[in-house]
Every structure is written in C-alpha cells, then in structure tokens.
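Engineer:
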Amino acid sequence: MSFMQHLQSSLILGTKMTHPEEEHFLYIQCKELFIYINANKTTELQNLIESGIDPDKYEREHLPALSYAIKHKKHPIIQTLLSYGSDINHTDCFGLKPLDYAVENKDDAIIELLLRYGAIDTKNKFSHIEQHFNEVDIFEAAFTGSLHALTHYHQLGASLHDLRANKTSLLHLCIDGNNPKLLIYLLNKGVNIDLVDKSGTPPLILATMDSSRHKMLNILIRRNATLDQRNNRQTSALTMAIKRFNVQAAFMLINKGANVNIRDGIDTPLVLIHKALMQTSHKPLVAELRGLQTLLISKGANVNASDENLQWSPLMLTASHYQDDQSIKQLKLLIKLGANLDQRDKNERTAIMIASSLGRLDALEYLIKFNAALNSFDKFGWTALMLAIYYNQKNTVKILLAA
C-alpha cells in the first residue's frame, strides 16, 4: 500500500497512521508475542509490550493473548499480561472471555485470580456485583497510579481519551501516579504521547520535574516523545530538568539528542547550569552539575551564552567564583572550547575585569596567559587595573603590572 493510500485510509477510517514499512515489523512482533507465551518467556514478553505491542489487539487462532495463555495454562504469562493491563473481559470471535477458558480448564487458581481482577461472569456461575462509575473515577485511578482500577473503569465504558477542564489527560495524571506499567498501557492504547494541557505542558516535561520519575521519563523517551517540545512559558524538558536539579534526567535527554542550545525564555541550558551552580554548595550536586556542564559543551552548547541580568557569560561567571580546583578546571575547559575571552557584559566589562575586581588570582593568571585584553575600558571608562586598585586587590595589581 502506497503512502497516499495509507493516508487516505487513515483519514476515512479514523485509524492510526503507521509507516508502510512498519506493517511487516508489527506482524513479526505479533508472531513473537505468541512464541513467548508458548515458551513461558515472561521477560521477553514484557520487553515486547513495553516496546509498544498491545496484547489486546493481536490475535492468533482467534484468541486474544490473555485467553490464549489461559487456554494453554501459561500461569506466569497470565500474571504478566494482567500486570500490564490486559483486558480481563475481552470477548473473542466465539463469544468467549478469559474467564470462560479458565472455567473450561477447571483452573480454580486462575478463576479466582480473574475474578479478583474484575472478570465479569456472563454465564452467572459466580456471584457478581453490578458495577457503576463516575466520569472522574478513571482520572483518580490514573493520578494514584492504579492500573487495575483504570482498566476496570475503561472496561465499564470510561474513555482513555477524555480530558479534564484544564485539558489534563490520563497520560499527564499517570506521570504523577508514577506507575510505569500504567504509562505503557495508555501508550499502547494510542493515547497521544505529546498531548499538552492548558499550560502547554506535555507528559515529558512533567516527567522531568521529579527525580523519582526516572522510569517514566525513560519510557517516554524510548517511545519517541518529542524531546524539544516547550510549554507556554518556553520551558523544555531539558531546561525543566536543570531547573529542578534533576541531573540524571538532563543527562538522559542530552544523550538522546535534546537540543543543547534550546531557549527557555532567554536562558539556554548552559546558562541555567551556571545559575544552578550559584544556588547550591552541596559538593556531590556541584560535581554532578559540572559533569552535566561538560557534557553540554561537548555536545555543542553555546559556550558564550549570556544570562539576562548582567549578561555574564559562563566564562565570566566561572572567573568570579571562589578559586577551587573545580572552578579552575571549568575555566580551562571553557577557554579550550573557544570561550570569547573579551566578551562584554551589561557594563561592558570582560572576564578579566571581573576577576580583577574580585581578586580571583588563578583565573586572572589563566586569562592573561591566553592573551585576554588587559587595557579595555568598561562603560564607565575603567580598566582591569583601575578596578583592582579601587577594590584594594593588591596582589591583583601586582599581577596586572607585571603582565
């Protein structure tokens, strides 16, 4: 089928459009699904489901995966399928449900398990309580991370695509619920991975807001969420991760191809790293942030990006820091990667002027070594030497006079 035929079919039928070359791939994966069921390979089955295969949609011998596993008494597989939200009441072409196959096998353990998961007995062999739900119930299930409850409400008729008043979807709420299997279930059912709420925030940005959501973030990235999508405030997943000190998330996003020069308002990731370094003195976190900074620069981050207040570059900010080993290493790295030594800030001051004002001797010596301009004037007509004298930086004056 050609691309245009695929497009026309999708528009007419309202079905999801897939790449023409994916059909064979999906067919092979469907075939693998039942190979793994027959072989009781739960790990491989989990990997297949997590890659995007919905076991409720693919059938062999006219049976859904769960019914097939029950019929063939694959107990570990049954547990796995249920844990990933397989439809407990799916009716096959014979009009039979998973519970019917368990009854046929006289498998009391599976019968009890299915009833506990909410299987509906259409033949009235087991006691059944009539179930009702409110439209808010499925949202509550997503927010609390209860896959069991969510699939139950969905089977009772609740939609997976409804939105709340603020345009929050089940996918947004399940990020708060922090249940990876629930996220996989919703994605496998076709919920839009890039859907935004009223603030323009997609699930990927929500996943970066808390380091406890690492697994959720990993799933979204593996399922091809748009990495550089930004909300109404122009915040991206990468810049949100840096703002929240979620270094692990930032590392993951950068390594997966996030734009290292994306703007968050007027800030870039590199500028936000420097701001973060100014806000913490916790040594392990500082080390992680500096490692992240190094990765950003190695991936092509703009080494001369300036902030919005004093318009300081990373080089200026580093030259202003207390001179410990980490600061000097960072200064060397910035110079090595081509930082503009004579870039000017809001007051037309350079890094060497800032270092001279604050008495940062090591930084000053490195800047001089790499031929930073010594006699430039700021907007007030002051040079680095004049600033050093004004701020009574005697050792700085000696270095400048000797240069």
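Heads up: the sequence shown is residues 48 to 450, going by our numbering. Yeah, the Cβ is synthetic: ideal placement off N, Cα and C, and Gly gets one too. Predicted, not measured: the structure shown is a model, and the values here were computed from it.
Going by the beta-carbon positions, is the gap between LEU336 and LYS303 smaller than 8 Å?
Structural biologist: no
Engineer: Would you call the CB atoms of ASP311 and GLN281 closer than 8 Å?
Structural biologist: yes
Engineer: Who are ASP154's beta bridge partners in DSSP?
Structural biologist: None; ASP154 has no bridge partner.
Engineer: Mind reading off the beta-carbon distance from ALA435 to LEU414? Whole number of angstroms is fine, and I expect it under 8 Å.
Structural biologist: With 8 Å as the limit, ALA435 and LEU414 do not qualify as a contact, their Cβ atoms being about 13 Å apart.
Engineer: From ALA323 to ALA112, what does the alpha carbon distance come to, in whole angstroms?
Structural biologist: 49 Å
Engineer: Does DSSP put ASN442 in a helix, a strand or coil?
Structural biologist: If DSSP states are grouped into helix, strand and coil, ASN442 belongs with the helices.
Engineer: Within this structure, are the beta carbons of LEU339 and ALA296 separated by less than 8 Å?
Structural biologist: no
Engineer: What residues are listed by DSSP as bridge partners for ARG260?
Structural biologist: BP columns for ARG260 are empty, so no partner.
Engineer: Quick check on DSSP: helix, strand or coil for ARG277?
Structural biologist: strand
Engineer: Take every Cβ of the region 124–134, pair it with every Cβ of the region 92–107, and state whether three or more of those distances are shorter than 8 Å.
Structural biologist: yes
Engineer: Please name the residue in GLN358, TRP359, LEU267 and LYS379 whose C-alpha comes closest to that of LEU218.
Structural biologist: LEU267
Engineer: Taking 6 Å as the limit between beta carbons, can you name the residues of its chain near TYR438, skipping five residues before and five after?
Structural biologist: The residues are SER404.
Engineer: According to DSSP, is ALA206 helix, strand or coil?
Structural biologist: For clarity, residue 206 is Ser in the given sequence; the question names Ala instead. Three-state DSSP puts SER206 in coil, outside helix and strand.
Engineer: Would DSSP call LEU384 helix, strand or coil?
Structural biologist: coil
Engineer: In or out: MET325 buried (at least 16 other Cβ within 10 Å) or exposed?
Structural biologist: exposed
Engineer: Going by CA-CA distance only, name the one from ARG291, THR327, ASN387 and GLY165 that's closest to PRO316.
Structural biologist: Closest option to PRO316, Cα to Cα, is ARG291.
Engineer: Taking its Cβ as the centre, do 16 or more other Cβ atoms sit within 10 Å of PHE81, making it buried, or is it exposed?
Structural biologist: buried
Engineer: Ordered along the chain, which non-local residues of its own chain (more than five positions away) have a Cβ less than 6 Å from that of THR191?
Structural biologist: GLY224
Engineer: Whose C-beta lies closer than 6 Å to the C-beta of LYS214 among residues of the same chain, with five residues either side of it excluded?
Structural biologist: ASP244 and LYS245
Engineer: Let's test the definition: count the other Cβ atoms within 10 Å of the Cβ of VAL183 and tell me whether it reaches 16, buried, or not, exposed.
Structural biologist: By the 10 Å Cβ count, VAL183 comes out exposed.
Engineer: Grab the span of the alpha helix (DSSP H) containing GLN370 for me, first residue to last.
Structural biologist: No alpha helix (DSSP H) holds GLN370; DSSP gives it neither H nor E.
Engineer: What three-state label does DSSP hand ASP241 in the structure shown?
Structural biologist: coil
Engineer: With DSSP as the reference, please indicate the residues paired to ASP354 in a beta bridge.
Structural biologist: Beta-bridge pairing links ASP354 to no other residue.
Engineer: Specify the secondary structure class of LEU161 as computed by DSSP and reduced to three states.
Structural biologist: helix
Engineer: Starting from the C-beta of ILE222, find all residues in its chain whose C-beta is less than 7 Å away, skip the five residues before and the five after it, and write them out in chain order.
Structural biologist: PRO250, LEU253, ALA254, ARG260 and MET263
Engineer: In or out: PRO145 buried (at least 16 other Cβ within 10 Å) or exposed?
Structural biologist: buried
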